[in-house]
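Using mature numbering (1 follows the signal peptide of the UniProt record, and there is no 0), the letters of the sequence shown correspond one by one to residues -20 to -1, 1 to 145.
Here the structure is laid out as structure tokens; the discussion comes afterwards.
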Amino acid sequence: MFFRRWLFLLLSSHMTFAQSASSDLSQDPVFSTVLNRRLRYPRQAEWSSVYGRVFAEFTIDDKGHVQDISILNHSEKGTYYGLEPTIITALKKLPSLNLRYTGSYILPVSFIYVDYRQKDKPFVPKDTLYIQDLAGRIALKEIKIMGNSTNSRERILSAGKNEYY
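Given below as structure tokens:
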């Protein structure tokens, strides 16, 4: 009898560990490496001193493919300055992921802007989601993308090169 209880306890604890480990997509090296390489601060947003937090929703199907990508807090500013398209493009280019990650997810991405003219004060977005937006989805660890002010001379030189070529 003792052996059965011990075996049951061992199996149930192993299953619990496997479920918690399988739901942590943020720790997957393929997912994190590919996103960190592909997510860059959009140039237009950086030059215009635009910052924000974008919440992307997506699902991973039973073949490991990222599907149904959408932005939960869609804004005209985020689209115009390239914040939202940057995230959508990066998620679309993810390779097939491990099948244990099948499910619905929310990925928060913060575009943090540092203005060196303001004594290196970072502008950190404060956007949040309501609890009902999380229903049935797993919230992943936030990804932070840093942008900064470039000095005026670099902007002028950069703009001048584009006009003559």
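By construction, the Cβ of each residue, glycine as well, lies at the ideal position given by its N, Cα and C atoms.
(request) Excluding the 5 residues preceding and the 5 following E37 in the sequence, name in chain order all residues of the same chain whose CB lies nearer than 6 Å to its CB. (result) S50, L52, I86.
(request) Return the chain-ordered list of same chain residues with a C-beta closer than 6 Å to the C-beta of T66, the five sequence neighbours on each side being excluded. (result) Result list for T66: P22, in chain order.
(request) Look up A25 in the DSSP assignment and say whether it is helix, strand or coil. (result) In the three-state scheme derived from DSSP, where H, G and I count as helix and E and B as strand, A25 is classed as helix.
(request) Over the uninterrupted alpha helix (DSSP H) stretch that includes T13, give me the two end residues. (result) Where T13 is concerned, the enclosing alpha helix (DSSP H) stretches over 9 to 18.
(message) Classify V104: buried if its beta carbon has 16 or more other beta carbons within 10 angstroms, exposed otherwise.
(response) Burial call: exposed.
(message) Within a Cβ cutoff of 6 Å, which residues of the same chain sit near D41, ignoring the five residues on either side of it in sequence?
(response) Annotation for D41: Q47 place their beta carbon closer than 6 Å to its own, counting only its chain and skipping 5 residues before and after.
(message) Counting C-beta neighbours from all protein chains within 10 Å, is the total for G116 16 or more, i.e. buried, or is it exposed?
(response) Within a 10 Å sphere around the beta-carbon of G116 sit fewer than 16 other beta-carbons, which makes this residue exposed.
(message) Nearest by alpha-carbon distance to G127: which of V89, L114, A119 is it?
(response) Measuring from the Cα of G127, the nearest candidate turns out to be V89.
(message) Using C-beta distances below 6 Å, list every residue in its chain close to L19, excluding the 5 sequence neighbours before and after it, in chain order.
(response) Cβ contact annotation for L19 (same chain, cutoff 6 Å, sequence separation greater than five): A70, I125, in chain order.
(message) Determine, for W27, whether the minimum Cβ-Cβ distance to residues of chain C falls below 9 Å.
(response) The structure shown has no chain C; it contains just one protein chain.
(request) Rounded to whole angstroms, what's the CA-CA distance from G83 to K106? Just pull it up for me. (result) C-alpha separation (whole angstroms): 27 Å.
(request) Pick out whichever of V30, L5, F11 has its Cα sitting closest to the Cα of Y93. (result) Nearest of V30, L5, F11 to Y93, Cα basis: V30.
(request) Check A115 in the structure and name its three-state DSSP category. (result) The three-state reading of DSSP puts A115 in coil, since its state is none of H, G, I, E or B.
(request) Leaving aside the five residues before and after residue 148 along the sequence, list all residues of the same chain whose C-beta is less than 7 Å from its C-beta, in chain order. (result) Any answer about residue 148 is impossible in this case: the structure gives the chain only from -20 up to 145.
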